[in-house]
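Asks: Before anything else, here's the structure in question.
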Amino acid sequence: MAARRVVVVADTYTVYAFRLLGVEGYSVNSPREAARVVESLIPREDVGLVLLSAEYFDEAREAVDRFRRARSDAVIARLPTVREPGRPMDVQRELLRALGMG
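82 is the number that our numbering gives to position 69 of the sequence shown; each next residue is one higher, with no gaps.
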């Protein structure tokens, strides 16, 4: 299996920070832009993890759901940012889902 990429979809500052770590990133300014980027990632087989900014996650829910239905081999997750603090994550549930067992 080929290596998979992590992709960040968030505000400019968050994307910049992740790019410093070598992560591919797309800077967006609205939920509509975020949804378009998420949908553009669906056919990309090299993407294994999409981190979508928490501030756009709920409003881009339709695109997130389409991604999840089309890409059972990849994970899309909410990324807490400075503008919206995170919530605890059930890592075991997410891992099981990523493995197709949950």
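Just so it is clear, CB atoms sit at the ideal spot from N, CA and C, and this is done for glycine as well.
(1) Nearest to D59 by alpha carbon, out of P44, A23, V88, L108?
(2) Classify T27: buried if its beta carbon has 16 or more other beta carbons within 10 angstroms, exposed otherwise.
(3) At what residue ranges does the stretch 63-112 contain a whole run of the alpha helix (DSSP H), taking only runs of 4 or more?
(4) Cβ of A73 within 8 Å of Cβ of L92?
(5) Quick check: what's the CA-CA separation for S40 versus T94?
(6) Hey, quick one: how far does the beta strand (DSSP E) through A23 stretch, first residue to last?
(7) At which residue ranges does the stretch 32-67 contain complete alpha helix (DSSP H) runs of 4 or more residues, listed in the order of the chain?
Replies: Straight from the coordinates:
(1) V88
(2) buried
(3) Entirely contained in the stretch 63-112, the alpha helix (DSSP H) runs reaching 4 residues are, in chain order, 67-70, 74-83, 104-111.
(4) no
(5) Computed Cα separation, rounded: 13 Å.
(6) For A23, the enclosing beta strand (DSSP E) stretches over residues 18-23.
(7) 44-54
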